[in-house]
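Protein chains: 2
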Amino acid sequence: MATFPIRIAVDAMGGDHAPHEIVDGSVQGARAHGVSVLLVGKPDEIERELKKHDTQGLAIEVVPASEVIEMGESPATGLRKKKDASIIVTAKCVKNGQAQGMVAAGSTGAAMASALLYVGRIDGVDRPAIGVRLPSSSTPCLLIDAGANADCTPEMLSQFAVMGNIFMHNVCNVEKPRVGLLNIGEEQSKGNAFAHTAFQLLEKDERFHFIGNIEGKELFNGSADVAVTDGFTGNVALKSAEGVMKMFGGVLKTELMGSFRTKAGALLAEPALRKVSKQVDPEEFGGALLFGIKGICVISHGGSRARGIKNAIRVAKEAIVADVLGKISKQIQEGIDVNDHAQ
Amino acid sequence: MATFPIRIAVDAMGGDHAPHEIVDGSVQGARAHGVSVLLVGKPDEIERELKKHDTQGLAIEVVPASEVIEMGESPATGLRKKKDASIIVTAKCVKNGQAQGMVAAGSTGAAMASALLYVGRIDGVDRPAIGVRLPSSSTPCLLIDAGANADCTPEMLSQFAVMGNIFMHNVCNVEKPRVGLLNIGEEQSKGNAFAHTAFQLLEKDERFHFIGNIEGKELFNGSADVAVTDGFTGNVALKSAEGVMKMFGGVLKTELMGSFRTKAGALLAEPALRKVSKQVDPEEFGGALLFGIKGICVISHGGSRARGIKNAIRVAKEAIVADVLGKISKQIQEGIDVNDHAQ
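Protein chains in written order, with numbering that gives the first Met the number 0: chain V, 0 to 342; chain X, 0 to 342.
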C-alpha cells in the first residue's frame, strides 16, 4: 500500500448515509487529493464497502471502532457510554499522530466534543469555534462561530476573527481578508450591547483587517471574507439561510413540475439548474471546520454524500498543507500577524 | 367623494419609488379593499400622480406635509429637524383619529420612531415589536421581533408572543397558533442563557400555545405560526434569508441566460418561475407590522412597488377589522386569552 505524508482520519460510521457514501467519498478523496485515509469504524462493514471500489495504489487503512454514536443520541451520554465509538477513535487518531486531520459527518455535537476532549484545544484559544464557508454570488464568506458557543464574550470574537483570517488567507488565498462583525445595521451605533462591545474590541485589534458591521444579507454577496459572531446568532443565520433555500428549491421544483410546458422548460434549463444547485450546495464547500483544536477537524453535514466527503478531505488537506494550526497557534500566543503578504 | 369607515393614512413620500408607486398602490388598495386612503405628502406631487389614475368613486384624500425624511437620513435627526415630515404627519393622522392605521415604505427607523412618539404605545406593552410574515412552503410564520429591539428581556418575548398570537388568530385565521422560540436546537437545554430563561417563561405562560424551540430552518416550513425572538436575532435571521434568496435568484438568472438552450427553457418555464417569485416575494405579504402601538402600523419594504402598497393596505384593513389593537390591549392588561375559539 502506498503512503502519503498527509493522513486524514474519517469517521466511516457517521452521517445519514454511512458507511457507503462515506467510504465512497473517502476513496474518491484519497485518489483526487493524494492523501492517506484512515477509515474508522466497524471493519466488516467498511471492508464490504471498500470491495465495491478500485482502491489500487491508494493509501486507505481501516481503523477498528466497535460502537457508533447515533445522530439523535445525546453527545454527552454517547461519549460517556461508548468509549469505542467511531468518532472517539477518529479523534484519537489525530491525538496520537496517526493522522493530522479528521473528517466527520455524524452528530456535530459528538464530533465537537470528541475533538475537544481527545484532541484538545490549542494553547491560548479560549473556545474552539465552527467556521462555515457560505455560498455566494461572488467570493464566499467564512461565518465563524456558526454554532459551537451559544454564549460568547467579545474577546472570543477577536479570537474567532484571528482564526478565520488565517484560514481565509492561507487556504482560500484571500490576500487581505475583510473581517466584518455580523450585526443589524452598518453604522457603529447599531446592534445590541454585546455587538457594541465587540465592535470596539475588533476595531482596535491589529491582527486582522476589520471592516466594521455587516448585515445578514451581506453574508452572501461577497461584502466580507470573514463574518464573526457568537455561535447563537451564527447558527440562526446559517439555519435560516438553509431553511429558506430549501423552501425556495422545493417550491421551484413543485411549480416546474406543474404543467407540461414548464416541465419541458425545466428539461431544457436543466444544465443551468444543475449548475445553480451545485453553486449553492453546502457539500461543495466540504463542510464546516472546527477551529482552535490541535488538529484539523472538518465536520460535514449529516446528510453528506460521497461528493461532500471528498470535498471535506480536500479542505482538510489544504488546511494541513497551509499549516493553519501552526499559524493560529503562533498568532494567538505571540500576537503577531502571521499571514504572508505580497509586497 | 365616497367615504368608508376604515381610513388608512399612507406616507406617499416614503420609499425608493415614491410617490408614483405609492400613489398607484394606494389607488389600487382603495379600490380593491374598499377603504378610505389619506395620502400624506407634497400635495402637488401627489395630485400629479393621482391624475394618472381613475379615482372615481374612491375615497382618497390628500393630507399636506412639506418635508420628507430620506432613506439614508438618521431617523433621530430627521424627526427632530423636520417637524412637517410626511411620516410624522402620517402618524399624527392616526393619533388624532383621522385614520385607524398607517402604511409607510420609507425609513423603517423613522416610521417606528414616528409611530412610537406620535401614536404611542398601548398601555402595558413594554416595547413595540416588528412582526414579519415569512414566505413558506406551507403556512407562513410570523417572526416577531424582526428588528425593533436589539436588546430584549425574556419578559418582552412573552409580550411579543401575545401580540403575534392575536394577529395570527384574528387576521390570518389560525385556530390555535403554535408559538415557538427561535433557538439553535429543539431540546430545552439548547441555546444561550437568554434563550433558557425565555423558554421557562414562555412555557408557563397560558395566554398562548407554546410548542418549544424551533430552529432557523423551521421558520420557512410551516413548523410554527409565531416565532418569537429578540430583535437582534430576528433581524439577522430575516436579513440572512433575504440575502441568500437574492443570491440564489441572481445565480439562477445568470445561469438561465447562459446559453440558448437554457434561455429557451427559462422561457417555457416562465409561468412557474413567476409563480415562485410571487410566492417568495415579501411584497405579497404586505410588509411588516409594528405591534404594540395604539394604531395599526404597517411598514413596507423601502423598495415597495404598487403591489406591495396595495397589499400593505389590505393587511392594515384586516388588522383594523379584526380589532387587533383592542384585543392586544385587553389581553396585555387583563391577562386573559381573547381569541375566539371554535367549540
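We put the CB at the ideal spot given by N, CA and C, even for glycine.
Keep in mind it's a predicted model, so treat the numbers as computed, not measured.
Judged by pairs of C-beta atoms under 8 Å, the segment 133-153 of chain V touches the segment 228-244 of chain V, as three or more such pairs exist.
Ranking X:Val62, X:His32, X:Glu72, X:Gly56 by CA distance to the CA of X:Glu46 puts X:Val62 first.
V:Asp144 carries a coil assignment under DSSP once its states are collapsed to helix, strand and coil. For X:Lys80, the number of other beta carbons within 10 angstroms of its own is below 16, and it is reported as exposed. Nearest C-alpha to V:Ala8 among V:Thr89, V:Leu181, V:Ser188, V:Gly108: V:Thr89. Only Gly257, Ser258, Arg260, Thr261, Ala263, Gly264, Ala265, Leu266, Leu267, Ala268, Glu269, Pro270, Ala271, Leu272, Lys274, Val275, Gln278, Val279 from the segment 257-282 of chain X bring a Cβ to less than 8 Å from some Cβ of chain V. Contact between X:Lys41 and X:Met12 holds, with the beta-carbon distance rounding to 7 Å and staying under 8 Å. For the segment 205-234 of chain V, the set of residues with a beta-carbon nearer than 7 Å to any beta-carbon of chain X comprises Glu214, Gly215, Lys216, Glu217, Leu218, Phe219, Asn220, Phe231, Thr232, Asn234, in chain order. By DSSP's assignment, X:Glu60 forms a beta bridge with X:Leu37.
Counting every other CB atom within 10 Å of its CB across the protein chains shown gives X:Arg6 a total of 16 or more, marking it as buried. Looking at the DSSP output, X:Asn212 shares a beta bridge with X:Leu180. V:Ile295 is the residue among V:Ile295, V:Ile312, V:Ala315, V:Met167 whose C-alpha sits nearest the C-alpha of V:Ile121.
Contact of X:Ala240 with chain V is assigned, a C-beta pair being separated by under 8 Å.
Within 8 Å of the CB of X:Ile292, no CB atom of chain V is found; the nearest one sits about 20 Å away. Non-local beta-carbon contacts of X:His168 in its own chain, meaning distances under 6 Å to residues more than five positions away in sequence, involve Pro176, Asn338 in chain order.
Here V:Met162 is buried, its C-beta having at least 16 other C-beta atoms within 10 Å.
When 8 Å is used as the limit between beta carbons, X:Gly146 is near these residues of chain V: Ile183, in chain order. Here the alpha carbons of V:Ile312 and V:Arg30 stand approximately 11 Å from one another.
In this structure, DSSP gives V:Asp229 a state outside helix and strand, which the three-state scheme calls coil.
The three-state reading of DSSP puts X:Gly286 in coil, since its state is none of H, G, I, E or B. Residue contact check for X:Lys245 against chain V: a CB pair falls below 8 Å. Following the DSSP letters along the chain, one finds X:Ala103 inside the beta strand (DSSP E) bounded by residues 100-103. In this structure, X:Glu269 is the residue among X:Leu115, X:His300, X:Glu269, X:Gly96 with its C-alpha nearest to the C-alpha of X:Leu251. Less than 8 Å separates the beta-carbon of X:Gly242 from that of V:Leu218. Among the residues facing chain V, X:Glu254 is included, as its CB has a counterpart in that chain under 8 Å away.
Taking a 10 Å sphere around the C-beta of X:Arg273, we find fewer than 16 other C-beta atoms and assign the residue as exposed.
Look at X:Asp43 here: in three-state DSSP terms it is helix.
DSSP places V:Val173 in the coil class of the three-state scheme, outside both helix and strand. Membership of V:Val9 in the beta strand (DSSP E) is indicated by the continuous run 6-10. If you check each beta-carbon in the segment 141-170 of chain V against every beta-carbon of chain X, the ones closer than 8 Å belong to Gly146, Ala149, Asp150. With a 10 Å radius around the Cβ and a threshold of 16 neighbouring Cβ atoms, V:Asp224 comes out buried.
Assignment of X:Val279 by DSSP, reduced to helix, strand and coil, places it in the coil class. Between the alpha carbons of V:Val323 and V:Lys329 lies a gap of roughly 10 Å. A distance of 8 Å or more separates the beta carbons of X:Ala305 and X:Gln99.
Residue range 74-80 is occupied by the alpha helix (DSSP H) that includes X:Gly77. One alpha carbon belongs to X:Val34, the other to V:Ala103, and they sit about 59 Å apart.
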